[in-house]
Amino acid sequence: MINSFPPFVNSQTKILILGTMPGIASLEKQEYYAHKRNHFWKIMYTLLDNLPISEIFEEKILLLQTNKIGLWDVLENCERKGSLDIHIKNQKENDFESLFREFPEITTIIFNGKESHKYFLKKFGQIKGITYYVMPSTSPANTMSFENKLKIWSAGFQ
């Protein structure tokens, strides 16, 4: 059984970015999107006009929080061989009801990939007052070019 990380959310958070479950590299480093070829941080730093990308995880989180962006995963824990979402089984979702009660300023959810959206919808459906965007996964397993991912992701930050 593998476990996700606690949410990086505060009272200023308006946008919540949700992955499915941290991959092996992230679990080893205990940092979101730690795989060197994952495009997540490059996309965030490019969209938020804050290049170069920091190597310090706390600075990355601070950049998101400064821009009213939070980070979490749909799943609290699961069984999975490797890092691919298609291998997930026996999953348990995080407690979003409590999160949204505690942080009512969240009005947008951006899903990092179709699988996170699928797991969220299956358990929670469409939550009133929250806009959903499903973005291409930033994972290196998604072979879409960085430029195309960036173009699509930018729509969620208009």
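Going letter by letter, the sequence shown gives residues 1 to 158 in the UniProt record's numbering.
Every residue gets a Cβ at the ideal spot worked out from N, C-alpha and C, and that includes glycine.
Of the listed residues the options, nearest to residue i (C-alpha basis)
{"i": "P104", "options": "N3, I2, I15, P6", "result": "I15"}
{"i": "S154", "options": "K36, A141, L47, C78", "result": "L47"}
{"i": "F40", "options": "S137, I152, G156, A141", "result": "S137"}
{"i": "E102", "options": "S139, T20, T13", "result": "T13"}
{"i": "S139", "options": "N67, E59, K149, Y132", "result": "K149"}
{"i": "V9", "options": "G70, I86, F120, S83", "result": "G70"}
{"i": "K81", "options": "F100, T20, I24, F5", "result": "I24"}
{"i": "H35", "options": "E115, S26, F5", "result": "S26"}
{"i": "I88", "options": "P22, L99, G156", "result": "P22"}
{"i": "S11", "options": "F146, Y119, L99", "result": "L99"}
{"i": "P7", "options": "I53, I86, I106", "result": "I106"}
{"i": "D49", "options": "N67, E55, M144", "result": "N67"}
{"i": "F5", "options": "L121, D73, Y119", "result": "D73"}
{"i": "D85", "options": "Y119, I53, T131, S54", "result": "Y119"}
Chain-order list of residues whose beta-carbon lies under 6 Å from that of residue i (same chain, five-residue window excluded)
{"i": "F111", "result": "L18, H117, V134"}
{"i": "N3", "result": "N77"}
{"i": "L51", "result": "Y45"}
{"i": "S83", "result": "G23, I24"}
Exposed unless 16 or more other CB atoms sit within 10 angstroms - verdict on residue i
{"i": "E79", "result": "exposed"}
{"i": "L75", "result": "buried"}
{"i": "I109", "result": "buried"}
{"i": "T20", "result": "buried"}
{"i": "F146", "result": "exposed"}
{"i": "E59", "result": "exposed"}
{"i": "E115", "result": "buried"}
Cut-off 7 Å between Cβ atoms - residues of its own chain near residue i, not counting five sequence neighbours on either side
{"i": "N90", "result": "C78, E79"}
{"i": "I43", "result": "T138, K149, L150, W153"}
{"i": "F157", "result": "L47"}
Beta-bridge pairing of residue i - partner residues as DSSP gives them
{"i": "M135", "result": "N112"}
{"i": "G19", "result": "D73"}
{"i": "N3", "result": "N77"}
Spatial neighbours of residue i in its chain, beta-carbon cut-off 8 Å, leaving aside the 5 residues before and after
{"i": "N142", "result": "G113, P136, K149"}
{"i": "M1", "result": "N77, C78, E79, N90"}
The ligand FAD heavy atom lying under 7 Å from the CB of residue i
{"i": "D95", "result": "With respect to the ligand FAD, the structure offers nothing, as it holds no ligand at all."}
Open item on the list: Check whether the stretch 54 to 64 and the stretch 90 to 99 are in contact - that is, three or more C-beta pairs closer than 8 Å.
Closed with: no
- [ ] Evaluate the contact criterion for the stretch 123 to 134 versus the stretch 24 to 38: three or more CB pairs, one atom per stretch, below 8 Å.
- [x] no
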